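In our numbering, the protein residues as written are 23 to 356.
This report concerns only the one structure given below.
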Amino acid sequence: MQAWVVDQPGPVDGRRAPLVRDERPVPEPGPGEVRVRVRACGVCRTDLHLAEGDLLPRRPRVTPGHEVVGVVDRLGPGSTRWSEGDRIGVPWLAHTCGTCRFCVSGRENLCLRPRFTGWDLDGGYAPYTVVDEAYAYALPDVFDDVEAAPLLCAGIIGYRALLRANLPEGGRLGIYGFGGSAHLTAQVALAQGARVHVMTRSTEAQQLALQLGVASAGGADATPPEPLDSAILFAPVGTLVPPALAALDRGGTLAVAGIYLSDIPSLNYQEHLFEERSLQSVTANTRRDGEEFLAEAARIGIRVSAVPYPVDQADVALQDLRHDRINGAGVLVF
Ligand SMILES: [Zn+2]
Ligand SMILES: [Zn+2]
Numbered sequence: 023m024q025a026w027v028v029d030q031p032g033p034v035d036g037r038r039a040p041l042v043r044d045e046r047p048v049p050e051p052g053p054g055e056v057r058v059r060v061r062a063c064g065v066c067r068t069d070l071h072l073a074e075g076d077l078l079p080r081r082p083r084v085t086p087g088h089e090v091v092g093v094v095d096r097l098g099p100g101s102t103r104w105s106e107g108d109r110i111g112v113p114w115l116a117h118t119c120g121t122c123r124f125c126v127s128g129r130e131n132l133c134l135r136p137r138f139t140g141w142d143l144d145g146g147y148a149p150y151t152v153v154d155e156a157y158a159y160a161l162p163d164v165f166d167d168v169e170a171a172p173l174l175c176a177g178i179i180g181y182r183a184l185l186r187a188n189l190p191e192g193g194r195l196g197i198y199g200f201g202g203s204a205h206l207t208a209q210v211a212l213a214q215g216a217r218v219h220v221m222t223r224s225t226e227a228q229q230l231a232l233q234l235g236v237a238s239a240g241g242a243d244a245t246p247p248e249p250l251d252s253a254i255l256f257a258p259v260g261t262l263v264p265p266a267l268a269a270l271d272r273g274g275t276l277a278v279a280g281i282y283l284s285d286i287p288s289l290n291y292q293e294h295l296f297e298e299r300s301l302q303s304v305t306a307n308t309r310r311d312g313e314e315f316l317a318e319a320a321r322i323g324i325r326v327s328a329v330p331y332p333v334d335q336a337d338v339a340l341q342d343l344r345h346d347r348i349n350g351a352g353v354l355v356f
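Right, here's the structure in full:
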């Protein structure tokens with residue numbers, strides 16, 4: 023099969039493209055695994071960080087892609103959870119040890135020996151992938167393949183970020199950056215009765231936010247029209263941390279959603295942290311986060327703004343993501 027792989031990490035629009043195609047054998051599922059024939063795979067900012075070298079590769083020439091929607095086409099030995107023909111989702115969290123102090127206390131997102139799809143293991147930028155059956159998700163029928171793909175990381179991680187941001191009932195939420203993850207998270211918050219303010223430089227993203235029902239949309243580091251109980255930073259831009267902290271009301275929380283953030287400038291204690299403001303990070307997710315989010319997404323009828331790309335244009339999709347040319351979430355289709 024033809025698989026995309028990260029060769030030499032570097033700028034996606036540089037002279038030497040980091041994402042190249044490679045001929046690979048179709049993978050065989052091992053014990054407890056299933057093989058998935060891929061029908062759609064979301065393009066996540068993490069794929070871009072991996073291609074550009076912001077995230078160090080954990081395996082040479084890995085196939086990225088961790089928002090995989092496909093159909094089970096072969097069961098590995100002893101695999102019983104799924105049947106051939108089932109539509110399933112393959113997410114970022116591919117494996118946890120089950121025995122470390124974090125796994126045994128319900129915090130498998132902090133596992134000391136985790137494996138991730140499209141980083142440690144080959145992912146969905148290829149016609150076939152394999153997954154440990156215990157880490158795949160059933161997908162609500164209300165979402166087609168392209169709509170379901172961004173739910174699997176953008177949606178789930180955004181949901182965890184919202185939990186980490188401690189949004190009170192009917193609270194005021196600020197969202198910094200408005201792409202694939204943020205536009206899904208905003209809808210969950212709105213369904214919970216929050217008043218949402220969006221800060222993003224893209225005017226198209228501001229329009230999308232307003233269409234989804236947010237109270238205001240302004241520039242990337244604009245001051246929201248009222249103090250915030252909670253904020254989530256989706257843009258991987260550390261210079262936005264001080265203005266986002268300054269926008270919090272007393273006792274408010276800022277959660278940083280991404281796996282990568284450029285350096286944070288120095289903070290001023292009085293202006294940014296005093297009055298019991300908190301700064302939180304978000305690390306991966308538990309399977310429970312994923313199950314909860316997918317059920318909630320179906321219940322509230324989340325609208326997915328997806329931009330499809332033929333799979334042979336995965337490199338173009340990453341360039342478009344790099345330059346904020348995707349309004350919503352990019353999805354590779356097979
Ligand atoms: Zn563990
Ligand atoms: Zn992701």
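Idealized CB from N, CA, C, for every residue including glycine.
Since the model is a prediction, treat every value here as computed from it, not as a measurement.
Using only CA atoms, which one of E297, I281, L283 and C66 lies nearest to A269? Minimum Cα distance to A269 is reached at E297.
Should the segment 212 to 227 be regarded as contacting the segment 25 to 40, the criterion being three or more beta carbon pairs within less than 8 Å? Counting Cβ pairs under 8 Å, fewer than three are found: no touch.
Which residues, in chain order, sit with a beta-carbon under 5 Å away from any heavy atom of ligand 1? Qualifying residues, in the order they occur: T118, C119, C122, C125 and C133.
Check whether the Cβ of W141 lies closer than 7 Å to any heavy atom of ligand 2, and answer yes or no. No, the beta carbon of W141 sits no closer than 7 Å to any heavy atom of ligand 2.
Keeping to the same chain, check which residues put their C-beta closer than 7 Å to that of L132; ignore five residues upstream and five downstream. Excluding sequence neighbours, L132 sits near F124 and T305.
For E55, does the three-state DSSP call read helix, strand or coil? Strand.
Per DSSP, L270 is paired with what? Partner residues in the beta bridge of L270, as assigned by DSSP, are L250.
Buried or exposed by the 16-neighbour rule on C-beta atoms within 10 Å, applied to P82: Under the 10 Å beta carbon count, P82 is surrounded by fewer than 16 other beta carbons and is classified as exposed.
Among I281, I348 and G312, which has the Cα closest to the Cα of V329? Taking only the C-alpha atoms, the option nearest V329 is I348.
Please list, following the chain, all residues that have a C-beta closer than 5 Å to any non-hydrogen atom of ligand 2. So the residues near ligand 2 by this Cβ test are C66, T68 and C175.
Three or more C-beta pairs under 8 Å: does that hold for the segment 139 to 158 against the segment 45 to 58? Contact holds: three or more Cβ-Cβ distances are below 8 Å.
Tell me where the alpha helix (DSSP H) around V338 begins and ends. First-last of the alpha helix (DSSP H) with V338: A336 to R344.
Would you call the segment 170 to 188 and the segment 270 to 289 touching, i.e. three or more CB-CB distances under 8 Å? Taking a cut-off of 8 Å on C-beta distances, the segment 170 to 188 touches the segment 270 to 289, as three or more cross pairs fall below it.
E106 (DSSP reduced to helix, strand or coil): Shown here, E106 sits in coil according to DSSP, grouped into three states, outside any helix or strand.
Sort out for me which residues DSSP pairs H117 with in a bridge. Under DSSP, H117 shares a beta bridge with R137.
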